[in-house]
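In the numbering used here, the protein residues as written are 144 to 399.
Read the structure below first, then the notes.
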């Protein structure tokens, strides 16, 4: 909590955190694993998220995709892990997974679900700066649907880069700042289709791929591939694509 501010204030607790955003997700912590609840869209795009993660990690680390646990031996940090929707499949692929979230409610939900699955994920309440102060580092960082919720993306990525070992990979997903994204990600998703609670996103915080590449460069990272995530209303399904006008994934690496 930012010193000198009222506890109910929505102002940022730091340039890498926003108290109002944290509280918004914490209020629905009990619904993380409800496929028909507030986080239903994340469950719907889970196959595409995992496909991007798997593809990029196998390529970057030179792993064989046919292995049962192809990420064995890799230390992976999921920043803004929420209820652990990404942590658990990564653990099943063999990675040593740490899940980090600033909301205790989210971490409690993640720990409870992982225990029920018999998965050993190291869940922590806190911020990336706190892990860096401990001297921790990782082979890969995952930061999905987070950067559009932080006040200062450049500072946030710099903090993340401090946790990356030489040669490490960071995988991100966010929303492009376009007219199309305003219509689809806010007007349609929040107001018309009610896929997300109203107020989940702020258009001015959306990040273009060019901006994201610049933030990565400022953090000492080399930007890599970008893949779009598109919705097909006729098939009622999602797919990875070249179109990054709305949702997209991106990769960046720390020089070895």
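Here a beta-carbon is modelled for each residue, glycine too, at the ideal position from N, C-alpha and C.
| Query | Result |
| --- | --- |
| Inter-residue spacing [alpha-carbon to alpha-carbon] between residue 341 and residue 259 | 32 Å |
| Cβ pair residue 254, residue 281 closer than 8 Å | no |
| Chain-order list of residues whose beta-carbon lies under 6 Å from that of residue 285 (same chain, five-residue window excluded) | 221, 229 and 314 |
| Residue 217 classed as buried or exposed, judged by whether at least 16 other C-beta atoms fall within 10 angstroms | buried |
| Pairwise C-alpha distance: residue 175 and residue 288 | 14 Å |
| Reduced DSSP secondary structure (H/G/I, E/B, other) of residue 149 | Annotation note: pLDDT 37 at residue 149 (below 50); position unreliable, no value reported. |
| Delimiting residues of the alpha helix (DSSP H) encompassing residue 249 | 247–260 |
| Residue 303 - partner residues in DSSP beta bridges | Paired residues: none, contrary to the question. |
| DSSP bridge partner residues for residue 286 (one or two, in chain order) | 315 |
| Whole-angstrom distance between residue 185 and residue 337, CA atom to CA atom | 14 Å |
| Residue 352 in three-state terms, based on DSSP | helix |
| Rounded distance between the beta-carbons of residue 227 and residue 264, thought under 8 Å | 6 Å |
| Nearest neighbour of residue 190, chosen from 180, 233 and 359 [CA to CA] | 233 |
| Cα-Cα separation, residue 200 to residue 376 | 30 Å |
| Sequence-distant residues of the same chain with beta carbon closer than 7 Å to residue 299, five excluded per side | 159, 290 and 293 |
| Exposure of residue 323, with buried meaning 16 or more beta-carbon neighbours within 10 Å | exposed |
| Pairwise C-alpha distance: residue 246 and residue 172 | 9 Å |
| Environment of residue 401 [buried if 16+ CB atoms lie within 10 Å] | With the chain covering only 144 through 399, there is no way to say anything about residue 401. |
| Distance, residue 181 Cα to residue 188 Cα | 14 Å |
| According to DSSP, residues forming a beta bridge with residue 370 | 392 |
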